[in-house]
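Remarks on the structure that follows.
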Amino acid sequence: MDPSPRISILSVDDHELVRKGVAAILSTQPDLQLIGEASTAQDAIRLYREHRPHITLMDLRLPDKSGIETTRDIREEFPEAKIIALTSYDGDQDIYRALEAGVRGYLLKEMVHTEVIRAIRTVHAGKRFIPVEVSQQVSGFFPEVALTPREIEVLTLVARGFGNKEVGDVLGTAAGTVKAHVQSILSKLSAKDRTHAVTIALRRGIIHLHSPDLAAAIPNG
Numbered sequence: 685m686d687p688s689p690r691i692s693i694l695s696v697d698d699h700e701l702v703r704k705g706v707a708a709i710l711s712t713q714p715d716l717q718l719i720g721e722a723s724t725a726q727d728a729i730r731l732y733r734e735h736r737p738h739i740t741l742m743d744l745r746l747p748d749k750s751g752i753e754t755t756r757d758i759r760e761e762f763p764e765a766k767i768i769a770l771t772s773y774d775g776d777q778d779i780y781r782a783l784e785a786g787v788r789g790y791l792l793k794e795m796v797h798t799e800v801i802r803a804i805r806t807v808h809a810g811k812r813f814i815p816v817e818v819s820q821q822v823s824g825f826f827p828e829v830a831l832t833p834r835e836i837e838v839l840t841l842v843a844r845g846f847g848n849k850e851v852g853d854v855l856g857t858a859a860g861t862v863k864a865h866v867q868s869i870l871s872k873l874s875a876k877d878r879t880h881a882v883t884i885a886l887r888r889g890i891i892h893l894h895s896p897d898l899a900a901a902i903p904n905g
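And the structure:
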């Protein structure tokens with residue numbers, strides 16, 4: 685029996701170029717083995733069940749479901765799963781939500797060429813891998829001032845240019861209630877106005893303009 689079995693890795697990213705880059709890097713290491721690639725959450729879960737990889741590299745932005753939700757789904761079925769977020773999202777809320785979902789490492793895509801191998805080996809050894817650049821982003825984060833799910837829905841629609849009445853129509857609530865949500869959002873984010881709140885939320889990763897959740901929230905037409 686091989687005393688040093690290779691570390692098996694599943695790569696999940698909807699961009700083929702990224703997956704090819706990861707594959708090329710992994711191919712240079714005799715102790716690492718890429719056992720599958722997925723471009724959607726559905727394929728990621730299926731391949732995880734099939735191969736049970738030691739490490740999963742998970743993009744946080746997938747076409748059918750977020751990488752955070754996919755991480756939760758996998759870890760609910762396989763609590764021992766070791767998942768590393770590999771993403772361009774560097775907002776404190778993105779990082780916090782990913783860690784809360786159970787990722788063991790958080791790697792920005794700009795770091796992949798220099799850090800992905802070390803990240804894989806570190807997480808495989810049972811440790812966390814959080815680069816200084818990432819940990820600094822969450823050092824001042826306080827969960828108690830986080831926006832509620834409803835406030836995030838409201839702000840997401842505000843970011844698309846919806847007024848209070850339009851937001852209320854989409855969410856099935858009164859314009860006055862929406863106004864109260866907006867005031868709460870401004871207070872929590874220390875924002876001067878709606879535009880400033882959107883800017884802060886986008887920077888911190890509280891909302892994203894291109895996400896499956898946003899597409900589902902906005903009716904066609």
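Residue numbering for the sequence shown follows the numbering used here, starting at 685 and increasing by one per position.
Note that CB positions come from ideal geometry on N, CA and C, so glycine has one too.
As the structure is a computational prediction, the values presented were derived from the model and not from experiment.
- A Cβ-Cβ contact shorter than 9 Å links residue 843 with residue 885.
- In this structure, DSSP gives residue 754 a helical state, which the three-state scheme calls helix.
- In this chain, the beta strand (DSSP E) harbouring residue 740 covers 739-742.
- Looking only at 857, 746, 882, the smallest Cα-Cα distance to residue 839 is reached by 882.
- Note on residue 788: 16 or more other CB atoms within 10 angstroms of its CB, so buried under the neighbour-count rule.
- At a Cβ-Cβ threshold of 9 Å, residue 862 and residue 855 count as neighbours.
- Contact fails between the stretch 717-729 and the stretch 795-811, because fewer than three Cβ pairs, one in each stretch, are under 8 Å apart.
- Beta-bridge partners of residue 721 (DSSP): 695.
- Here the alpha carbons of residue 832 and residue 740 stand approximately 29 Å from one another.
- Counting along the chain, residue 857 sits inside no beta strand (DSSP E), nor does DSSP assign it H or E at all.
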